[in-house]
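Engineer: Under the numbering used here, the first residue of the sequence shown is numbered 49, with each subsequent residue one higher. Each residue gets a CB set at the ideal place from its N, CA and C atoms; glycine is no exception. A single structure is presented below for examination.
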Amino acid sequence: MISTSKESKPICLFDSGIGGLTVLKKLISKFPNENYIYLADLARVPFGDKTKEEIKIIVDEIIQWLVQFEPKTVIMACNTSSATFSSQLEDLSSKFGVPVYGIIESCTREIGNSNHKKVSIWATQLTANSNCYKNLIQKTNSNITVEEIGCPKLVPMIEGLSFTLEERNKVINEYLNHTSKDSNTLVMGCTHYPLISEDLKKLTDIEIIDPADSLVRELEKNLVKNNSSNPAKISLYTTAQKEKLERFSKLYLCQEADTKLTVLNRIKAIS
Ligand code: DGL
Numbered sequence: 049m050i051s052t053s054k055e056s057k058p059i060c061l062f063d064s065g066i067g068g069l070t071v072l073k074k075l076i077s078k079f080p081n082e083n084y085i086y087l088a089d090l091a092r093v094p095f096g097d098k099t100k101e102e103i104k105i106i107v108d109e110i111i112q113w114l115v116q117f118e119p120k121t122v123i124m125a126c127n128t129s130s131a132t133f134s135s136q137l138e139d140l141s142s143k144f145g146v147p148v149y150g151i152i153e154s155c156t157r158e159i160g161n162s163n164h165k166k167v168s169i170w171a172t173q174l175t176a177n178s179n180c181y182k183n184l185i186q187k188t189n190s191n192i193t194v195e196e197i198g199c200p201k202l203v204p205m206i207e208g209l210s211f212t213l214e215e216r217n218k219v220i221n222e223y224l225n226h227t228s229k230d231s232n233t234l235v236m237g238c239t240h241y242p243l244i245s246e247d248l249k250k251l252t253d254i255e256i257i258d259p260a261d262s263l264v265r266e267l268e269k270n271l272v273k274n275n276s277s278n279p280a281k282i283s284l285y286t287t288a289q290k291e292k293l294e295r296f297s298k299l300y301l302c303q304e305a306d307t308k309l310t311v312l313n314r315i316k317a318i319s
């Protein structure tokens with residue numbers, strides 16, 4: 049697809065699976081006239097238990113694939129990728145000739161400039177181990193205490209789509225028990241987690257932050273907007289499990305989206 053004007057070029061996003069749809073939903077709601085291309089790498093979900101080196105190869109290949117759509121911007125709707133590339137976003141942008149946004153920077157800046165005292169981050173193991181949230185928040189404000197908690201059971205549970213409420217609560221409570229009681233803010237440091245925020249809110253009073261909200265605020269300032277009055281055109285691609293993405297996105301986005309299965313030649317499933 050080749051867009052004619054800069055404004056109408058698509059916003060491209062990617063994630064390992066259905067998690068990034070939580071970011072897409074917020075973008076569509078704020079920028080309803082943009083065109084969107086979303087890639088779910090369901091052949092290789094989860095990303096959180098891979099190595100940094102594997103994520104680097106995967107992300108490089110995905111962005112290389114996405115640039116065929118001549119995006120106005122590429123968004124990593126994935127904390128694990130964002131944490132891995134945190135200090136290299138500018139390099140990625142120049143390499144691919146398109147602004148590349150991670151999902152962590154805008155959120156950590158906002159938290160760093162807030163009056164929070166202690167913040168807990170739930171994230172994939174790779175994101176938690178990277179200390180990316182802690183480093184970036186404390187770079188802005190070293191007085192904020194940050195704890196990063198790896199929650200490896202959450203993505204498989206959310207992607208599974210078949211867990212009962214009781215089973216979900218058991219897993220969520222396990223991570224709530226690891227979360228400091230004096231922490232008054234919990235950051236959803238994985239784009240899958242907002243999909244269980246309703247369950248979570250019934251189990252705790254802690255304030256929940258979704259980094260996608262900060263990213264939307266940043267894009268509101270920086271994005272070259274599409275002036276067309278046409279509603280968003282949304283194309284979803286996945287490297288596997290097309291029916292799942294189709295079914296879930298219909299339910300979650302409540303919007304028509306064209307869903308296609310794509311085989312990314314250079315991307316081989318890493319077992
Ligand atoms: N949703 C992604 C994230 O924000 C990836 C989760 C995974 O595949 O482990 O980290």
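1) In the segment 84 to 132, which residue ranges form an unbroken beta strand (DSSP E) of at least 3 residues, counting only runs that do not cross its ends?
2) With a threshold of 7 Å, establish whether the CB of Arg144 neighbours any heavy atom of ligand 1.
3) Here's the rule I'm using: 16 or more other beta-carbon atoms within 10 Å means buried, otherwise exposed. How should Gly96 be labelled?
4) Does the segment 184 to 198 come within contact of the segment 245 to 263, defined as at least 3 CB pairs closer than 8 Å?
5) Please return the same chain residues whose Cβ sits closer than 6 Å to the Cβ of Lys281, not counting the five positions on each side in sequence.
6) In this structure, what does DSSP give as the bridge partners for Ala171?
7) Between Gly9 and ligand 1, is there a pair consisting of the residue's CB and a ligand heavy atom that are separated by less than 7 Å?
8) Could you tell me the distance, in whole angstroms, from the CA atom of Thr310 to the CA atom of Phe211?
9) Using a 10 Å radius around the Cβ and a threshold of 16 neighbouring Cβ atoms, would you call Gly208 buried or exposed?
10) Quick one: does the C-beta of Thr156 sit closer than 7 Å to a heavy atom of ligand 1?
11) Can you find the residues in the same chain that come closer than 6 Å, C-beta to C-beta, to Met49, ignoring five residues on each side of it along the sequence?
Structural biologist: Let me spell this out:
1) If we require 3 residues or more, the beta strand (DSSP E) runs fully inside the segment 84 to 132 come out as 121 to 124.
2) In the sequence on display, residue 144 carries Phe and not Arg. Remark: the shortest separation between the CB of Phe144 and any heavy atom of ligand 1 does not fall under 7 Å.
3) Gly96 is buried by the Cβ-count criterion.
4) In the pairwise beta carbon analysis, the segment 184 to 198 is classified as not touching the segment 245 to 263: fewer than three pairs are separated by under 8 Å.
5) The residues are Asn83.
6) By DSSP's assignment, Ala171 forms a beta bridge with Gly198, Gly237.
7) There is no way to answer for residue 9, as the model of the chain reaches only from 49 to 319.
8) Cα-Cα distance, rounded: 28 Å.
9) With fewer than 16 Cβ atoms within 10 Å of its Cβ, Gly208 is classed as exposed.
10) Taking 7 Å as the cut-off, the C-beta of Thr156 does not count as close to any heavy atom of ligand 1.
11) The pLDDT assigned to Met49 is 48, lower than 50, so where the model puts this residue is not dependable; a value taken from the coordinates is nonetheless given after this. Hits under 6 Å: Phe117.
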